[in-house]
Amino acid sequence: MEKMSTLRLIVSIAVMALTTYAIRMLPLTLMKKKITNRFLRSFLYYIPYAVLTAMVFPAILSSTASLISGIVGCAAAVIAALAGLQLLPVALIACGSVYVAELLLRLLS
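Here the working numbering runs 32 ahead of the position in the sequence shown, where the first position is 1.
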């Protein structure tokens, strides 16, 4: 029984690895010429930012004890980033604001 589940796990990992590799490899092999279409270039430029946002934003809101403190931390990080601060100060400000928000929420409840 254990051999079958181990084999199934190995096959699943191999299929996922091949799928991930194919998704990354196919555009590189099929696109021989430089992309000159302005719309397509602009679209491809923003894909990493959109994917990163889609992955990180839900985690920001659900990683704290309450949704309110997640929103406070996200807002503080956005404001600090727009002010031109580097990554470490932005992260520290976001963590500090979440901590303070959690303390205030516990005191108020």
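Ideal placement from N, C-alpha and C gives every residue a C-beta, glycine not left out.
Cutoff 7 Å; reference alanine 97; Cβ partners in own chain excluding five residues on either side: Here the set comprises Glu134.
What does the alpha-carbon distance come out to for the pair leucine 114 and arginine 40? Approximately 48 Å, taken between the alpha carbons.
Check whether the segment 124-138 touches the segment 102-116, taking contact to mean three or more Cβ pairs, one atom from each stretch, closer than 8 Å. The segment 124-138 vs the segment 102-116: in contact.
Where does valine 88 land, buried or exposed, given buried means 16+ other C-beta within 10 angstroms? Valine 88 should be labelled exposed.
Buried versus exposed call for alanine 54 [16 or more other C-beta atoms within 10 Å across all chains shown]: Taking a 10 Å sphere around the C-beta of alanine 54, we find fewer than 16 other C-beta atoms and assign the residue as exposed.
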